Amino acid sequence: MKNRKRIYEGKAKLLYEGPEPGTLVQHFKDDATAFNNKKHEIIEGKGVLNNRISEFIFTRLNQFGIPTHFIRALNMREQLIREVNIIPIEVVVRNIAAGSICKRLGLKEGTELPRSIVEFFYKSDKLGDPMICEEHITAFGWATPQEIDDIMSLSLRINDLVGGLFIAVGMRLVDFKLEFGRLYKDDGMHIVLADEISPDTCRIWNFGNDEKMDKDRFREELGGLADAYREVATRLGVFAGDKADVRGPQLVR
Ligand code: TMP
Ligand code: ASP
């Protein structure tokens, strides 16, 4: 796989050309970034843990009938995915107040929201992913009203399903970020879940003491990021304990 073509490099992932047309290889790096790349560190093993956690969640979502880009696991750091046309919107679903909603609306972290709230952000590093509403999405043609409806209902179903997977192993799903893409098939275009679901893109609190088990440990300099991700993976049953090799294949630059 040495000569494969690199299609895209993001902050925490790489995309390579896949073995067949219409497929890509999604590679999880060990880079941790926050505040639009202003804070950056390499955390050994993070890519492997995120790959395994995301693979587990996407496999479950596929089983529950949620259309996703995920095809199958390839190795410790990589998964085979369908190539989709990414919709330039980050969809955030919140159950408990934390992060930017606390600042924006003056809420105390940990406040239970009256119901799950869906928010949209425009995917633009240059602009720092500004918050947007449906009017911006349709006016600028980023997605149609029908696509927004599909995205909203899929996001709320994903919230129920992933929240259930986590609560079963003693973790609360506080909020998370999703990305969707358009997949063109013989019978037309479908909206599918893309990107990843991992402690990089979710807030997860330990049930009982609300200890943070996600990237807020890095954002807020609490330390113990890899240990927290390992704990999430262990509880989900995708990590075989301390002796497992978390290095996986190394990136050849
Ligand atoms: P926020 O509270 O900072 O708006 O974040 C909401 C959720 O989205 C949280 O689970 C972290 C996730 N997130 C990302 O995955 N990528 C990002 O760039 C940001 C800002 C948040
Ligand atoms: N992912 C974003 C960054 O790398 C922000 C974040 O997750 O806090 O800067």
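Start counting the sequence shown at 633; every next residue gets the next number (my numbering).
We treat Cβ as the ideally placed atom computed from N, Cα and C, and that holds for glycine.
All figures in this text were calculated on a predicted structure; none of them were measured in a lab.
Taken through DSSP and simplified to helix, strand or coil, residue 724 comes out as strand. Between residue 750 and residue 787, the gap from beta carbon to beta carbon is short of 7 Å. Residue 825 is positioned such that its CB atom lies closer than 7 Å to that of residue 700. In the DSSP secondary-structure assignment, residue 704 is bridged to 712.
For the pair residue 783 and residue 857, the Cα-to-Cα distance works out to about 31 Å. Positions of the alpha helix (DSSP H) runs, each at least 4 residues long and wholly inside the region 743–804, are given as 766–771 and 777–799 in order along the chain.
Between residue 734 and residue 744, the CB-CB gap reaches or exceeds 7 Å. Counting of Cβ neighbours within 10 angstroms places residue 656 among the buried residues, the total reaching 16 or more.
A distance filter of 5 Å between CB atoms and the heavy atoms of ligand 2 selects the following residues in sequence order: 643, 665, 666, 668 and 669. In this structure, residue 807 sits away from residue 668, with a CB-CB distance that is not shorter than 7 Å.
Contact holds between the region 796–813 and the region 835–854, because three or more Cβ pairs, one in each stretch, are under 8 Å apart. It is roughly 13 Å from the alpha-carbon of residue 697 to the alpha-carbon of residue 822.
By alpha-carbon distance to residue 815, the top candidate from 713, 729 and 754 is 713. The C-beta separation of residue 777 from residue 755 comes to about 19 Å, leaving the pair out of contact by the 8 Å criterion. Under the DSSP assignment, residue 824 falls outside any alpha helix (DSSP H), being part of the beta strand (DSSP E) whose first and last residues are 820–826.
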